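Taking this note's numbering, the leading residue of the sequence shown gets 1, the next gets one more, and so forth. Glycine included, each C-beta is placed from N, C-alpha and C at the ideal position. None of these values were measured; they are calculated from a predicted model.
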Amino acid sequence: MDLTYTEEEQEFRARLRAWLATTLPELPPRPSPDDWPGRRAHDLGWQRRLYEAGYAGLHWPLDAGGRGATPTQHLIFLEETERAGAPYVGANFVGLLHAGPTIAAEGTAGQRARWLPPVLRGEEVWCQGFSEPDAGSDLASLRTRAERDGDAYVVTGSKIWTSHAEVADWCELLVRTDARAPKHRGISWLAMPMDAPGVTVRPLRTLAGSTEFAQMFLDEVRVPVSHRVGAENDGWRVTMVTLSFERGTAFVGEVVACRRTLGELARAARANGRWDDPVLRRRLGRLWGEFGALWRLTQWNVSESQRSGGIPGTGGSVFKLAYSHARQELYDTAAEVLGARSLGLDEEWTLDRLSSLSYTIAAGTSQIQRNIVAERILGLPKGR
Ligand SMILES: Cc1cc2nc3c(=O)[nH]c(=O)nc-3n(C[C@H](O)[C@H](O)[C@H](O)COP(=O)(O)OP(=O)(O)OC[C@H]3O[C@@H](n4cnc5c(N)ncnc54)[C@H](O)[C@@H]3O)c2cc1C
Numbered sequence: 001m002d003l004t005y006t007e008e009e010q011e012f013r014a015r016l017r018a019w020l021a022t023t024l025p026e027l028p029p030r031p032s033p034d035d036w037p038g039r040r041a042h043d044l045g046w047q048r049r050l051y052e053a054g055y056a057g058l059h060w061p062l063d064a065g066g067r068g069a070t071p072t073q074h075l076i077f078l079e080e081t082e083r084a085g086a087p088y089v090g091a092n093f094v095g096l097l098h099a100g101p102t103i104a105a106e107g108t109a110g111q112r113a114r115w116l117p118p119v120l121r122g123e124e125v126w127c128q129g130f131s132e133p134d135a136g137s138d139l140a141s142l143r144t145r146a147e148r149d150g151d152a153y154v155v156t157g158s159k160i161w162t163s164h165a166e167v168a169d170w171c172e173l174l175v176r177t178d179a180r181a182p183k184h185r186g187i188s189w190l191a192m193p194m195d196a197p198g199v200t201v202r203p204l205r206t207l208a209g210s211t212e213f214a215q216m217f218l219d220e221v222r223v224p225v226s227h228r229v230g231a232e233n234d235g236w237r238v239t240m241v242t243l244s245f246e247r248g249t250a251f252v253g254e255v256v257a258c259r260r261t262l263g264e265l266a267r268a269a270r271a272n273g274r275w276d277d278p279v280l281r282r283r284l285g286r287l288w289g290e291f292g293a294l295w296r297l298t299q300w301n302v303s304e305s306q307r308s309g310g311i312p313g314t315g316g317s318v319f320k321l322a323y324s325h326a327r328q329e330l331y332d333t334a335a336e337v338l339g340a341r342s343l344g345l346d347e348e349w350t351l352d353r354l355s356s357l358s359y360t361i362a363a364g365t366s367q368i369q370r371n372i373v374a375e376r377i378l379g380l381p382k383g384r
């Protein structure tokens, strides 16, 4: 990948920067962290503005409603939106960053036309129904079953840790369609409407006090067969596509935000005298280097994924592993810099620190990422 910017790319950056400068001051204030309907409206409103200005789905393929932008333009978009402090995808995380890209890669023309435009226009929110109480790291042991009845599947079971389920319109749902097949072979990937009869959502409260995820109970929910993405019982392969987006490219925008946060911390340390501590200065410097390296890895992953048909590879596991630990260290360092201020539960720093704890669990734990790196990248023997 060529890391110098062409004249056209510099113009793209300038246009985007100017648009952000006029648009961001017009945005309504962010709702409180636990106001999920308010957050949904806010996040979709931002998506709508992006859509109207031609920045929605920038790097999605043209035939999926995207803009077909180059990897460099995509990276410039991430850099500039973070630099300007623009809202992040928020409640739209699943739709924009992994369900949508999976449908773009694996869906039929009809499925793309039905589900992708409302995601890009900021009209519909998706959630992810993968994990179950007894199927997290070992996701292929999932037991939610789907039995064929005419042109519908009848789905019964339960899902857990379903982020944004309370405000979602659709769920990317993994179900067992063949109970007799080996566990990786009897799974299918469905798009389930969240307002279907038989869907019950019970919010779960996180350590930080937010109900961002939920347990979901499914009692004979009818999902049309036409809502299956990929072939029946081929859902594990489709799941690998979803997870490669989730680990490979979904978090990349946050790396720029972490560098900004680090800059703020250095300024806070200078102001409150903590900067005089050489050990702390070294720690901040090392983190600066680490996030710089993660941004380079991001550039590499984004350009590699574009080269291999838009689907990120196992490099995503290297990124996810390194990023989640670096993020935790960043917020531990923040606590050291801010002292007592970092303990108040009404402080954004505290909430960010608490939520950073989930990063080494969500989207596959660090142990699982290490297994993937060991087996699929380094070619080491499979663990038992
Ligand atoms: C903030 C957050 C949001 C989430 N959002 C969603 C969502 O929207 N949708 C969804 O479906 N899921 C979601 N999840 C669930 C997440 O994917 C699971 O928590 C994760 O996959 C781990 O599964 P588990 O919690 O069942 O832990 P377990 O699988 O029970 O693991 C327990 C411990 O054992 C270790 N372990 C397990 N197997 C191995 C092994 N083979 N080798 C080494 N160590 C191992 C794990 O690393 C972990 O430390 C979310 C989780 C969090 C924290």
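Using the three-state DSSP reduction, which class does residue i fall into: helix, strand or coil?
i	result
D138	coil
E9	helix
W60	coil
P182	coil
R17	helix
F213	strand
V221	strand
D277	coil
G68	coil
V229	strand
M194	coil
L174	strand
G90	helix
K320	helix
T206	coil
R30	coil
D412	Because residue 412 is not part of the residues shown, which for the chain are 1 to 384, the question remains open.
E123	coil
Between which residues of its own chain and residue i is the CB-CB distance below 6 Å, once the five residues before and five after are set aside?
i	result
F69	Here the sequence assigns Ala to residue 69, which means Phe is not the residue at that position. Hits under 6 Å: L58, H59.
R121	Y51
T200	F217
With a CB to CB cut of under 7 Å and the five nearest residues on each side skipped, what residues in its chain are close to residue i?
i	result
S188	A146, V175, T177, R228, E232, N233, G235
I372	T314, S317
G100	L116, V119
R370	L321
A104	W60, P61, A64, R112, L116
V241	T102, A105, E106, I311
T23	R49
Q73	E9, F12, L58
Measure the alpha-carbon distance for residue i versus residue j and round it to whole angstroms.
i	j	result
A179	G186	6 Å
L50	E124	15 Å
F245	G273	42 Å
E347	A340	11 Å
H164	L262	28 Å
L243	G54	27 Å
Are residue i and residue j touching if we call contact CB-CB under 7 Å?
i	j	result
E166	P203	yes
T190	L218	Per the sequence shown, the amino acid found at residue 190 is Leu instead of Thr. Not a contact, by the Cβ cut-off of 7 Å.
W126	V94	yes
R247	A363	yes
E443	G230	This structure does not reach residue 443, given that the chain is present from 1 up to 384, and the question cannot be answered.
V155	V238	no
L297	S366	no
V225	D151	yes
A140	H184	yes
S324	T350	no
L16	E80	yes
A64	R112	yes
S305	R327	no
G38	P29	no
What is the C-beta distance between residue i and residue j, in whole angstroms, given that I count them as a contact (C-beta under 8 Å)?
i	j	result
A268	L207	A268 to L207, Cβ: 24 Å. No contact.
A214	L265	No, A214 and L265 are not in contact; Cβ-Cβ is about 33 Å, not under 8 Å.
Q47	N92	6 Å
R148	I76	Rounded, the Cβ-Cβ distance is 47 Å, inconsistent with contact.
M192	W170	7 Å
T211	D34	7 Å
V221	A196	5 Å
S137	I368	5 Å
Got a sec? Which residues, its chain only, sit under 8 Å from residue i by beta carbon, not counting five neighbours each side?
i	result
L20	E80, T81, A84, A86
V432	Given a span of 1 to 384 for the chain in the structure shown, any question on residue 432 remains unanswerable.
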